[in-house]
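Engineer: Each protein sequence line maps, in turn, to chains B and H. Mapping of the first sequence onto my numbering: position 4 corresponds to residue 4, and the numbering continues sequentially without gaps. Mapping of the second sequence onto my numbering: position 60 corresponds to residue 60, and the numbering continues sequentially without gaps.
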Amino acid sequence: MKTLLKYIKYLSIRLFFLMLIAGIAFGSYFYRVPQVIVGNTTFFNPLYSNTENTPNWLYIVDYFTFIFIIAFVLILIMTVYYNTNKNREEKNDELYVEIFLRKIFSFIYPVEEFTDKQRISQIKEMEKQLRNNRLKILFINTLRKVHSQTTGLVRLKTDYMMKELKISSFIRAYLYSPFFNDKLFALKVIGDFELEGYEKHILKLTKRNNEVLHSEAIITLLRLKIYDNLLFLVDLNMKLTTWDINIIIKTVQELKIVNIDYQTLINSEIPEISALGIMLARLNNRSEFKKEIKNKIGSSNNLVNEEACLSFSYFSNNETDYNFMINSFKIATHKSQLNFISRIASIPDKESAVHFLDWVVENQPFSQKIEAIGLLLDLDLSVIAKYKLSENEVIRESYYQVLDINI
Amino acid sequence: MNTLHWLDILNNIFFIYACLLFSLYLFNAIMSVFELRTYSNTNKFVDYKSMLSFEKLPTVSIIAPAFNEEKTIIENVKCLLCIQYPNYEIIVVNDGSKDNSLQKLIEYFDLVKVNRAYEANLISEPIKAIYQSRKSAYNHLVVIDKENGGKADALNAGINVSQNELFLAIDVDCIIEPDALLKMVKPFLDDNKHVVIASGGVIRIANSCEITDGKITKVSYPKNFWAKFEVIEYFRAFTLGRMAWSKLNGLLIISGAFGLFDRKRVVNVGGYDRNSVGEDLELVVKLRRYMHEVEKRKYRVAFIPDPLCWTEVPESFTILQRQRNRWTRGAIDTILKHKRMFLNPKYGLIGMLSFPSWVFFEWLAPIIEAIGLVYFIILLYFDLVNMHVFLTLLVFVLTFSMMYSMFAVFFEAYTYHKYKGVKYLAQSVLMIMLEMFIYQPLNMIFSLNGHLDFYFRKNKKNWGEMTRTGFNNKDKKIE
Numbered sequence: 001m002k003t004l005l006k007y008i009k010y011l012s013i014r015l016f017f018l019m020l021i022a023g024i025a026f027g028s029y030f031y032r033v034p035q036v037i038v039g040n041t042t043f044f045n046p047l048y049s050n051t052e053n054t055p056n057w058l059y060i061v062d063y064f065t066f067i068f069i070i071a072f073v074l075i076l077i078m079t080v081y082y083n084t085n086k087n088r089e090e091k092n093d094e095l096y097v098e099i100f101l102r103k104i105f106s107f108i109y110p111v112e113e114f115t116d117k118q119r120i121s122q123i124k125e126m127e128k129q130l131r132n133n134r135l136k137i138l139f140i141n142t143l144r145k146v147h148s149q150t151t152g153l154v155r156l157k158t159d160y161m162m163k164e165l166k167i168s169s170f171i172r173a174y175l176y177s178p179f180f181n182d183k184l185f186a187l188k189v190i191g192d193f194e195l196e197g198y199e200k201h202i203l204k205l206t207k208r209n210n211e212v213l214h215s216e217a218i219i220t221l222l223r224l225k226i227y228d229n230l231l232f233l234v235d236l237n238m239k240l241t242t243w244d245i246n247i248i249i250k251t252v253q254e255l256k257i258v259n260i261d262y263q264t265l266i267n268s269e270i271p272e273i274s275a276l277g278i279m280l281a282r283l284n285n286r287s288e289f290k291k292e293i294k295n296k297i298g299s300s301n302n303l304v305n306e307e308a309c310l311s312f313s314y315f316s317n318n319e320t321d322y323n324f325m326i327n328s329f330k331i332a333t334h335k336s337q338l339n340f341i342s343r344i345a346s347i348p349d350k351e352s353a354v355h356f357l358d359w360v361v362e363n364q365p366f367s368q369k370i371e372a373i374g375l376l377l378d379l380d381l382s383v384i385a386k387y388k389l390s391e392n393e394v395i396r397e398s399y400y401q402v403l404d405i406n407i
Numbered sequence: 001m002n003t004l005h006w007l008d009i010l011n012n013i014f015f016i017y018a019c020l021l022f023s024l025y026l027f028n029a030i031m032s033v034f035e036l037r038t039y040s041n042t043n044k045f046v047d048y049k050s051m052l053s054f055e056k057l058p059t060v061s062i063i064a065p066a067f068n069e070e071k072t073i074i075e076n077v078k079c080l081l082c083i084q085y086p087n088y089e090i091i092v093v094n095d096g097s098k099d100n101s102l103q104k105l106i107e108y109f110d111l112v113k114v115n116r117a118y119e120a121n122l123i124s125e126p127i128k129a130i131y132q133s134r135k136s137a138y139n140h141l142v143v144i145d146k147e148n149g150g151k152a153d154a155l156n157a158g159i160n161v162s163q164n165e166l167f168l169a170i171d172v173d174c175i176i177e178p179d180a181l182l183k184m185v186k187p188f189l190d191d192n193k194h195v196v197i198a199s200g201g202v203i204r205i206a207n208s209c210e211i212t213d214g215k216i217t218k219v220s221y222p223k224n225f226w227a228k229f230e231v232i233e234y235f236r237a238f239t240l241g242r243m244a245w246s247k248l249n250g251l252l253i254i255s256g257a258f259g260l261f262d263r264k265r266v267v268n269v270g271g272y273d274r275n276s277v278g279e280d281l282e283l284v285v286k287l288r289r290y291m292h293e294v295e296k297r298k299y300r301v302a303f304i305p306d307p308l309c310w311t312e313v314p315e316s317f318t319i320l321q322r323q324r325n326r327w328t329r330g331a332i333d334t335i336l337k338h339k340r341m342f343l344n345p346k347y348g349l350i351g352m353l354s355f356p357s358w359v360f361f362e363w364l365a366p367i368i369e370a371i372g373l374v375y376f377i378i379l380l381y382f383d384l385v386n387m388h389v390f391l392t393l394l395v396f397v398l399t400f401s402m403m404y405s406m407f408a409v410f411f412e413a414y415t416y417h418k419y420k421g422v423k424y425l426a427q428s429v430l431m432i433m434l435e436m437f438i439y440q441p442l443n444m445i446f447s448l449n450g451h452l453d454f455y456f457r458k459n460k461k462n463w464g465e466m467t468r469t470g471f472n473n474k475d476k477k478i479e
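What follows is the structure, given as structure tokens:
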């Protein structure tokens, strides 16, 4: 029923605008003719005597002037309404949030521990106060804030509160609502409180073309910990944005998800998923996937190439790896080249490292020169002395920058 | 053909021009509603603070050119230091100030000269010295002291010294919201269909607002007569105009006071044009041209409708006149420089819609308005004016302008609601009515003057002096 009401509201808004446009179009016709007959009723145009002799173009100008005046007055009224109403609403919201916070905290930290019966009656009392959707949303958002900032027993209590509130029909209506914002709100609540029973619909939402909805649905599924190997991402066969990758990584780390199928992710044909797999492997220190990551170095996709280089240098621990890094230096992205430089500087074969860094100083862009000179400072002071007298101004400047104690 | 026939043709030209202009405004209003709706829907639940712990976030340099800003420079830099972002540096470029701007910075932030290396990829006046602070709290502050060369030149010097992926070009006297950078960077992360080359934000007016510790603490409608008009004008320009062009991916300008750019691409196009006084417009047009001609990839210039940057606007007639004159000269310069884009399908929507609309409705508008006025006076003199038609058209224009401005005010109240109170509303309605008789005609004169300066006088590249009241005067209020 609640979902149906949402749809009625959704359609009414659109119908209103359609009627408005139709009304304006009809008006422009009506004022140009003496009368309009609808069925058995005749509507006479009281302004016909004024408009009948007006040239067409001037009539249109007149008519639009009339529309603009009406629009101006309506907009002015709406502005006054919003301005004053929003002030009141903001103040009311602040008051309600304060009340809700007090209630939530008195539930979480009671003076005396509640019995089960008391606990339920407390929640029932709260439920009664949430008379309309606006208050429900305000309360849920307040609870979400407390929930997200707490852990342990307190978090369990906010979870309990949410589940006992009996608002599943409310959440369902929002999740199935045609309004985009409602869906997002429902997804947030479901994800934060790990509410069960909505998985199938959320999985459908992950396949939506709307990027925000798609991204939010993915995060909600992650939070529900049903698909914690992340393989559903491969099955989705959709590109991820850098924003998505960041949020997924953040959520995986926050929830400490461990069952990730790194191999499938890394080998995915979708570059963003592959990059995500590589990043997750690095962040979770899964060096057993070094070989797969190595194979991705030189990928035509910049993101995959960069992440593969960064992760490979992170996992590199033997001479073969170092030699591979030196050999693939030129195909690495600028950022990963910087990473390679600092990694290669730490190899046991100091002579090769110095030789490589010297090559970087002579041939690479200046940010890499600075990095290399800085590393050479620890490795071999005798080498860097020559940079002071280098004919290349950038090398000389880089040298002075590295030696400047104020930087 | 007789004279009356010629007059008819002229009348029709003026009428069609006006109809096109109004249609464009209406179209802007409708488009901006859709764009703002999309933006607010997609970002309503975004937790920007979560970006602070993102794994992949571009590094940013904030470049703030400063010229004779001693009154406000310390407060402004302190405000910039409050920005929330994990990996950023602030580069203040002292563009040969004649006052004590540099000395104040050195003393307050305990700056020392450093040997910072940089590659001079872009042409700029020589850098005399680079300073960094000895205090760790200010370790991401860099001050460049250079010979005077103008704003574009100072920005180029800043870009040379910066090594980050993106740079935010700002006016040093602006007040930036702490989460502004996070919001500006987001479009660079959340679009996998286009390459985002730049993002711009809404500028709001800080005159008469209360400012504490470099932050806006209370938003007030300006007390100054001219600034009141400018508030309405900024609502229209940013909330309606730029939002609409952003929806179409046809935005040609990102305000010089606040814009985030892809550094590498800006270097590739040769940076800011040192000879232009409309360097902000020129850069965006140049970048777009580069994307069409060289990279040939799908790209986007994003626009953030959130009020993220607050600036002081001219409060005196003379300074306002100089500012508008400069804007006009900058626009003409850019249009002429990139005239091959005009109605050129090779540049897609930019060539066929955005650029022509700049030409017709920005460049030509004051000229056509002035010709129209002179034409009307001549007709009046020869008693050729049909007063009924004239009054009808006059009322049409006035009601449309009022409705459009009122819609901009409503849009602000509905979305961000920064200005509050019935007194503000009453004043803004009054200003909307007065605007058409005072502010708009004056703007037309200022723009015409800009045209004359550009074509016939010799101050094409002169910025004109802009004095600031300063945020800290009179109990931290701009009066």
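Idealized CB from N, CA, C, for every residue including glycine.
Measuring alpha carbon to alpha carbon, tell me which residue in H/Leu111, H/Arg134 and H/Met341 is nearest H/Met352.
Structural biologist: Cα-wise, what sits closest to H/Met352 is H/Met341.
Engineer: Between B/Leu310, B/Ser316 and B/Ile347, which lies nearest to B/Lys332 when the distance is taken from Cα to Cα?
Structural biologist: Looking at the sequence shown, residue 332 of chain B is not Lys but Ala. Here the closest residue by C-alpha is B/Leu310.
Engineer: If distances are taken between C-alpha atoms only, which option among H/Asn2, H/Leu336 and H/Ile203 comes closest to H/Tyr455?
Structural biologist: H/Leu336
Engineer: For H/Asn473 and H/Thr217, what's the separation of their Cα atoms in angstroms?
Structural biologist: Confidence in H/Asn473 is poor, its pLDDT being 45 and thus under 50, which makes the residue's placement too unreliable to answer from.
Engineer: Where DSSP assigns a beta bridge to B/Glu412, which residues make up the other side?
Structural biologist: The first residue shown for chain B is 1 and the last is 407, placing residue 412 of chain B beyond what the model contains.
Engineer: Candidates H/Ile127, H/Asn115 and H/Asp110: which alpha carbon is nearest H/Arg134's?
Structural biologist: H/Asp110
Engineer: Flag this pair as yes or no: are the beta carbons of H/Glu69 and H/Val172 separated by less than 9 Å?
Structural biologist: Between H/Glu69 and H/Val172, the gap from beta carbon to beta carbon is short of 9 Å.
Engineer: Helix, strand or coil: which one does DSSP assign to B/Pro34?
Structural biologist: coil
Engineer: With a threshold of 16 other CB atoms inside 10 Å of the CB of H/Asp47, please say whether the residue is buried or exposed.
Structural biologist: exposed
Engineer: Which whole-angstrom value describes the C-beta separation of B/Leu240 and B/Ile266, a residue pair presumed to lie in contact below a C-beta threshold of 8 Å?
Structural biologist: About 14 Å; that fails the 8 Å criterion.
Engineer: Could you please give me the residues that DSSP links to B/Thr42 through a beta bridge?
Structural biologist: B/Ile37
Engineer: Of all the CB atoms in chain B, is at least one closer than 9 Å to the CB of H/Lys56?
Structural biologist: yes
Engineer: From H/Leu105, H/His194, H/Ala29 and H/Asp190, pick the residue whose C-alpha is nearest to that of H/Arg297; which is it?
Structural biologist: Looking from the CA of H/Arg297, the closest CA among H/Leu105, H/His194, H/Ala29 and H/Asp190 belongs to H/His194.
Engineer: List the residues that DSSP assigns as beta-bridge partners of H/Val112.
Structural biologist: H/Val112 has H/Gln132 as its beta-bridge partners, per DSSP.
Engineer: With three or more beta-carbon pairs closer than 8 Å as the criterion, would you say the stretch 392–401 of chain H touches the stretch 58–75 of chain B?
Structural biologist: yes
Engineer: Look at the alpha carbon of H/Leu260 and the alpha carbon of B/Glu125, and state the distance between them as a whole number of angstroms.
Structural biologist: 51 Å
Engineer: What are the residues in the stretch 239–264 of chain H lying within 8 Å of chain B by C-beta distance?
Structural biologist: So the list is empty, because no residue satisfies the distance condition.
Engineer: Using the beta-carbon count (16 or more within 10 Å), is B/Phe114 buried or exposed?
Structural biologist: Exposed: under 16 other Cβ atoms inside 10 Å.
Engineer: Look at the Cβ atom of B/Leu175, then the Cβ atom of B/Tyr160, and state whether they are nearer than 9 Å.
Structural biologist: no
Engineer: Return the chain-ordered list of same chain residues with a C-beta closer than 6 Å to the C-beta of H/Glu147, the five sequence neighbours on each side being excluded.
Structural biologist: Gly96, Glu125 and Pro126
Engineer: State yes or no: is the C-beta of H/Ile116 within less than 9 Å of the C-beta of B/Asp404?
Structural biologist: Here the sequence assigns Arg to residue 116 of chain H, which means Ile is not the residue at that position. Yes.
Engineer: DSSP three-state call for B/Ser313: helix, strand or coil?
Structural biologist: helix
Engineer: Is it true that the CB of H/Ala257 sits closer than 9 Å to the CB of H/Pro314?
Structural biologist: no
Engineer: Among residues of its own chain, excluding the 5 on either side of H/Gln427, which ones have a beta-carbon nearer than 8 Å to its beta-carbon?
Structural biologist: Listed in chain order, the non-local C-beta contacts of H/Gln427 below 8 Å within the same chain comprise Tyr221 and Lys228, local neighbours out to five positions each way being set aside.
Engineer: Going straight from the alpha carbon of B/Val304 to that of B/Phe289, what length do you get?
Structural biologist: 15 Å
Engineer: When you compare each of H/Asp145, H/Leu393 and H/Ala331 to H/Phe15 by their alpha carbons, which one comes out closest?
Structural biologist: H/Leu393
Engineer: If the cut is a Cβ gap below 8 Å, which residues of chain H does B/Tyr82 touch?
Structural biologist: Within 8 Å Cβ-Cβ: Phe410, Ala413, Tyr414 and His417.
Engineer: Among H/Gly214, H/Leu122 and H/Lys49, which residue has its Cα nearest to the Cα of H/Thr72?
Structural biologist: For H/Thr72, the closest of H/Gly214, H/Leu122 and H/Lys49 by C-alpha to C-alpha distance is H/Gly214.
Engineer: Since I believe H/Ile90 is in contact with H/Leu80 (beta carbons under 8 Å), could you give me their beta-carbon distance rounded to a whole number of angstroms?
Structural biologist: 5 Å
Engineer: Are the beta-carbon atoms of B/Arg343 and B/Ser316 separated by less than 9 Å?
Structural biologist: yes
Engineer: What are the residues of the stretch 97–129 of chain H that lie near chain B, defined by any Cβ-Cβ distance shorter than 7 Å?
Structural biologist: Val112, Val114, Asn115, Arg116, Ala117 and Glu119
Engineer: What's the C-alpha gap between B/Val360 and H/Ala180?
Structural biologist: Their Cα atoms are separated by approximately 37 Å.
Engineer: So if I threshold CB-CB distances at 7 Å, which residues from the stretch 155–185 of chain H count as touching chain B?
Structural biologist: Gln163
Engineer: Could you name the residues of the same chain whose beta carbon sits closer than 7 Å to that of H/Leu182, not counting the 5 residues immediately before and after it, in chain order?
Structural biologist: Tyr48, Met51, Gln84 and Tyr85
Engineer: On the CB-based measure, 16 or more other CB atoms within 10 Å of its CB, does H/Asn325 come out buried or exposed?
Structural biologist: The residue is buried, with at least 16 neighbouring Cβ atoms inside 10 Å.
Engineer: Thinking C-beta only, is H/Glu119 closer than 9 Å to B/Pro365?
Structural biologist: yes
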